[in-house]
Every structure is written in structure tokens, then in C-alpha cells.
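Chemist: Here's a structure for you.
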Amino acid sequence: MEKIKITKSETSKSKPTTDQLEFGRIFTDHMFIMDYSADKGWHEPRIIPYQPLTLDPASIIFHYGQTVFEGLKAYLTPEGKVKLFRPGKNMQRLNRSNDRMCMPAIDETLALEAITTLVSLDKEWVPSAEGTSLYIRPFVIATEPYLGVAPSKNYQFIIILSPVGAYYKEGINPVKIAVENTFVRAVAGGTGEAKTAGNYASSLKAQEMVADKGFAQVLWLDGVEKKYIEEVGSMNVFFKIDGELITPALNGSILEGVTRSSVIDLLKHWDYPVNERRVSMEEVFEAAKHGKLEEAFGSGTAAVISPIGELSWNGESIEVNGGATGPVARKLYTTLTGIQTGKQPDPFNWTIDID
Ligand SMILES: *Cc1c(COP(=O)(O)O)cnc(C)c1O
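Read in order, the letters of the sequence shown are residues 1 to 355 in my numbering.
Structure below.
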């Protein structure tokens, strides 16, 4: 494995105060970068001062969107240690996304070392206030200057870090969700299960239209029949119906979340009946009408658990759990954030410490 060369920044930017923290607008002093060419493979892994990129305007990324990304967080423990939550899972998913987009695999051990070395160098940037963290954004871009539609011969793998504020400023809060009947996010056979830019570009329109009506996110239905539930915004989704916890089964168009898989493991550990299966909007609405829809919530790295207080579909609205956070959502949130920040035991060995 090639050694990571480190060039330290001569100056350090001033760090944000807790109230200046939001999501993804401020970046740390350093970044990681590594190049790929067909003849040399991945080479020259290096950490350099955070800086703009210089790219040929014909680079494939700008025209055909050949790119993938990941998202995970580093958390500060009460003892001042820095922890990562299941980063190996993100690196595996990065390579699944790479494969789907005809991009070269990255050595997962090197990718992980790149993250830990970079976070360790910029660890003063991990914020300490409750609910805050250092967001880690690894991504790969196609850099070959070529206007033909073909996989690029050159790539860059880059990692940047951003201190982020608490997702819930006044405690975990249920949101209003609109079920999307016009636009779709992904179809089986498409790129929905890859974390690739195009999926997010195509979701903006629907998100913009519902935001105007006061909804926080859209709930995506399957792209063929528009009957079965897929995801909520950029989160996976869970329902509790008559005691059963249900999340849509992975079907090729759903993104497999690390949080989703951790939620499933915790629910099983607590002996809740949990099933990955197809679930239709009609089933959820029927359950609500019969008083059997007990909870609904999204899961993802950004919010961890995001309770759904209201669902609107075809002009009808249902309230979930009286618009309040349900007990299972709350228990999952407390446990996951407790494990991530080292405030609770980690029975699954999900976290790793960074020196
Ligand atoms: C990233 C993402 C998720 C959540 O994945 P986590 O690994 O839990 O953060 C869910 N859906 C989509 C579309 C995503 O991009």
C-alpha cells in the first residue's frame, strides 16, 4: 500500500462557533486526494491544504456525471476522543457505487486510512457541542477530458471534511412528508442503489415543489407502479404497523443505508419483529385509518432518525402517533447517537477510535 504523503497547511482557518455551524458550508484546513490513470492505477495518495481543483472543462464529470460519493461522520466523545461509526460499511458501498458507474475500485484499507489520517490531522475541527459532528465526504470524479459517452480513463478520489451543527436544534422533531406521485427517484435497473450525483440532481424538482407547500421531504414511491414505498428524501424509511417494524426490502432502486442496517440490527437485538418487505402506501394509509400505524421514521447519517409526524398522499393527510416522536424512534435515536459519541456501550463494535 502506497504511503500517504502529507503537506501541512501553513495557516489554520478560524473555526466556527457552535451557532455558526450548519450543514456542509465550512471546510477544514486539509483535504485528501489521489489520482487514477489506466496505466498506473490509483497512485500518489496525499493530504494537502484545502484548495480548489483545476480541471479541464471537457472532464467527463461535468458532462455525463460519472461520479460517486459517500457520507459519514466523526464524533467527539465526552473524554475528547474522536470516533467513526462503521466506516468500513461506507467504503464497501463506495466500491459498489464505483462498480455500478464503471469506475475503478479503491483499496478499502487505503481509503479508510486516508479518512483516519485526514480526520486525525484536522481533529481540532471536530465540534464538541451536543449533536454536532465532523461530516466526512469522500467522492470520486471522472477527470478525463473527453466528450464521448464512455467511462473515463482518469479519476480523482477526494475527501473533504465539514464541521456540522446539530440536526435537531430543539430536540428530535417530527416532520411533515408529502408522498410524491409525479416524479420518481429511481427505478430497478437504474442507479438508485448507487450513491451517484444524478440521483440527487433528479430529485431536486420534487423537493422544491413540496417545500413550497410546507413539507420537509418527499416520500418516494416505486418508479413503475407508484404503489410501493422506497425512501424518504435521502433517507431510508421504517413503519411500525400493529407491532411489526417494516422497511422496504432492497430492490435495486433503494440506497442501502448504513443507518438502515444498524437500525435493523438494533431492532433484532431488542427482539422487535422487524421485516424487510414490500410495503405499499395503501397499506400504510389503511393501517392509519384503523389506528394501527404506530410510528414512521426516516434513517440516515445526517439526522440519524427523523420521525414522520404527518403524511400527505393524494390530497389526504394522516397524522402519525399524534404528530409526536414515537418510543421506538426515540430509543433508536438515543442508542445510535449514544454509541456514536461513546456515551453508551458499543455491543456490536461499530465504532473505531482515531488517535
Ligand atoms: C446516503 C443515503 C441514505 C442513507 O444512508 P446512510 O448510510 O444511512 O447515511 C439513504 N438514501 C439515500 C438516497 C442516500 O443517498
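No residue lacks a Cβ here, since even glycine has one placed at the ideal position from N, Cα and C.
Tell me the DSSP bridge mates of V179?
Modeler: Looking up residue 179 in the sequence shown gives position 179. According to DSSP, which records beta bridges pairwise, V179 is partnered with L219.
Chemist: If you draw a straight line from the C-alpha of Y272 to the C-alpha of N236, how long is it?
Modeler: The residue given as residue 272 occupies position 272 in the sequence shown. The residue given as residue 236 occupies position 236 in the sequence shown. Taking the straight line from one Cα to the other gives about 18 Å.
Chemist: Return the chain-ordered ranges of every beta strand (DSSP E) run that is complete within the stretch 225-291 and spans a minimum of 3 residues.
Modeler: 229-232, 236-241, 244-248 and 274-277
Chemist: Looking at the secondary structure, which residues open and close the beta strand (DSSP E) in which A206 lies?
Modeler: As a position in the sequence shown, residue 206 is number 206, starting the count at 1. Careful: A206 lies outside any beta strand (DSSP E), inside the alpha helix (DSSP H) at L204 to A211.
Chemist: Within 10 angstroms of its Cβ, does Q20 collect 16 or more other Cβ (buried), or is it exposed?
Modeler: Here residue 20 corresponds to residue number 20 of the sequence shown, with the count starting at 1. The residue in question, Q20, is exposed, as its Cβ has fewer than 16 Cβ neighbours within 10 Å.
Chemist: Can you list, in chain order, the residues of its chain whose CB lies under 7 Å from that of P145, leaving out five sequence neighbours each side?
Modeler: As a first step, residue 145 is located in the sequence shown; it is residue number 145 there, counting from the start. Counting only Cβ-Cβ distances below 7 Å, and skipping sequence neighbours, we find D56, A58 and S59.
Chemist: What residues in its chain sit with their C-beta under 6 Å from that of P151, if we drop five residues either side in the sequence?
Modeler: For the purposes of this step, residue 151 is taken as residue 151 along the sequence shown, with counting starting at 1. Answer for P151: C102, listed in chain order.
Chemist: In the DSSP output, which residue or residues are listed as bridge partners for N154?
Modeler: Along the sequence shown, one-based indexing puts residue 154 at 154. For N154, the pairing in a beta bridge is given by DSSP as S37.
Chemist: Would you grab the beta carbon distance between D353 and K89 for me? Rounded to a whole angstrom, and I think it's under 8 Å.
Modeler: The residue given as residue 353 occupies position 353 in the sequence shown. The residue given as residue 89 occupies position 89 in the sequence shown. Between K89 and D353 the Cβ distance is about 17 Å, and since that is not below 8 Å, they are no contact.
Chemist: Verify the contact flag: M391, CB atom, against every heavy atom of ligand 1, threshold strictly below 7 Å.
Modeler: As displayed, the chain neither begins before 1 nor continues past 355, which places residue 391 out of reach and without an answer.
Chemist: Using only the alpha-carbon positions, how far apart do P347 and V149 sit?
Modeler: For this step, residue 347 is matched to residue 347 along the sequence shown. For this step, residue 149 is matched to residue 149 along the sequence shown. Cα to Cα, P347 sits roughly 48 Å from V149.
Chemist: Around the Cβ of K83, are there at least 16 other Cβ atoms within 10 angstroms (buried) or fewer (exposed)?
Modeler: What you label residue 83 is simply residue 83 of the sequence shown in a count that begins at 1. Buried, since its Cβ has 16 or more Cβ neighbours within 10 Å.
Chemist: My output table needs one value for S120: the three-state DSSP class, helix, strand or coil.
Modeler: Here the question's residue 120 lines up with position 120 in the sequence shown. Note: S120 maps to helix in three-state DSSP.
Chemist: Verify the contact flag: R137, CB atom, against every heavy atom of ligand 1, threshold strictly below 7 Å.
Modeler: Translated into positions along the sequence shown, residue 137 becomes position 137. Checking the Cβ of R137 against ligand 1 gives no.
Chemist: Alpha carbon to alpha carbon, how far is M34 from I264? Give it in angstroms, no decimals.
Modeler: As a working note, residue 264 is residue 264 in the sequence shown. As a working note, residue 34 is residue 34 in the sequence shown. Distance between the alpha carbons of I264 and M34 is about 35 Å.
Chemist: Which term fits Y200, buried or exposed, when burial requires 16 or more other beta carbons within 10 angstroms of its beta carbon?
Modeler: Position 200 of the sequence shown, counted from the first residue, corresponds to residue 200. Y200 sits exposed, since fewer than 16 C-beta atoms from the chains shown fall within 10 Å of its C-beta.
Chemist: If you drop the 5 nearest sequence neighbours on each side, which residues of the same chain put their C-beta closer than 7 Å to that of Y167?
Modeler: As a working mapping, residue 167 is identified with position 167 in the sequence shown. The residues are G131, A302 and A303.
Chemist: Comparing the CB of T301 with every heavy atom of ligand 1, is any distance shorter than 7 Å?
Modeler: Numbered from its first residue, the sequence shown carries residue 301 at position 301. Within the cutoff, so yes.
Chemist: Locate the alpha helix (DSSP H) running through I354, then write down its first and last residues.
Modeler: For the purposes of this step, residue 354 is taken as residue 354 along the sequence shown, with counting starting at 1. That residue, I354, is in no alpha helix (DSSP H); its beta strand (DSSP E) goes T351 to I354.
Chemist: What residue from P127, G300, A194 and A114 has the CA that sits closest to E2's CA?
Modeler: Here residue 2 refers to the residue found at position 2 of the sequence shown. Comparing Cα-Cα distances from E2 to each of P127, G300, A194 and A114, the minimum goes to A114.
Chemist: Which one of I177, L293, S9 and N98 has the shortest CA to CA distance from G233?
Modeler: Locating residue 233 in the sequence shown gives position 233, where the first residue counts as 1. Of I177, L293, S9 and N98, the smallest CA-CA separation from G233 is found for I177.
Chemist: I need the boundaries of the beta strand (DSSP E) containing F297, first residue and last residue.
Modeler: Translated into positions along the sequence shown, residue 297 becomes position 297. Element bounds for F297: L293 to G300.
Chemist: Report yes if the C-beta of M34 is less than 7 Å from at least one heavy atom of ligand 1; otherwise report no.
Modeler: Residue mapping note: residue 34 aligns to position 34 of the sequence shown, counting from 1. No, Cβ of M34 sits at least 7 Å from all heavy atoms of ligand 1.
Chemist: Can you tell me whether DSSP reads T334 as helix, strand or coil?
Modeler: Locating residue 334 in the sequence shown gives position 334, where the first residue counts as 1. If DSSP states are grouped into helix, strand and coil, T334 belongs with the helices.
Chemist: Taking three-plus beta-carbon pairs below 8 Å as touching, is the stretch 107-123 in contact with the stretch 309-326?
Modeler: no
Chemist: From K268 to L245, what does the alpha carbon distance come to, in whole angstroms?
Modeler: For this step, residue 268 is matched to residue 268 along the sequence shown. For this step, residue 245 is matched to residue 245 along the sequence shown. K268 and L245: Cα-Cα distance of roughly 10 Å.
Chemist: In whole angstroms, what separates the C-alpha of W350 from that of Q340?
Modeler: As a working note, residue 350 is residue 350 in the sequence shown. As a working note, residue 340 is residue 340 in the sequence shown. Cα to Cα, W350 sits roughly 8 Å from Q340.
Chemist: Sorry if obvious, but does the Cβ on R260 come closer than 7 Å to a heavy atom of ligand 1?
Modeler: For this step, residue 260 is matched to residue 260 along the sequence shown. Result yes, Cβ under 7 Å from ligand 1.
Chemist: Indicate the three-state DSSP secondary structure (helix, strand or coil) for I339 in the structure shown.
Modeler: The sequence position of residue 339 within the sequence shown is 339, counting from 1. I339 falls in the helix class under three-state DSSP.
Chemist: With distances taken Cα to Cα, identify the nearest neighbour of L219 among T28, Q207, K213 and F85.
Modeler: Residue numbering aside, residue 219 sits at position 219 when the sequence shown is read from its first letter. Minimum Cα distance to L219 is reached at Q207.
Chemist: Any heavy atom of ligand 1 inside 7 Å of the beta-carbon of G71?
Modeler: As a first step, residue 71 must be located in the sequence shown, where it is residue number 71. Within the cutoff, so yes.
Chemist: Just reading off the alpha helix (DSSP H) that K195 is part of, what are its end residues?
Modeler: Translated into the one-based positions of the sequence shown, residue 195 becomes position 195. Run containing K195: none; DSSP gives neither H nor E here.
Chemist: Can you list, in chain order, the residues of its chain with a C-beta nearer than 6 Å to that of A329? Leave out the 5 residues immediately preceding and following it.
Modeler: Taking the sequence shown and counting its residues from 1, the one referred to as residue 329 is at position 329. For A329, same chain residues with a beta-carbon under 6 Å away, outside a window of 5 residues either side, are E295, F297, I305 and P307 in chain order.
Chemist: Does the contact criterion of 3 or more C-beta pairs under 8 Å hold for the stretch 220-227 versus the stretch 180-200?
Modeler: yes
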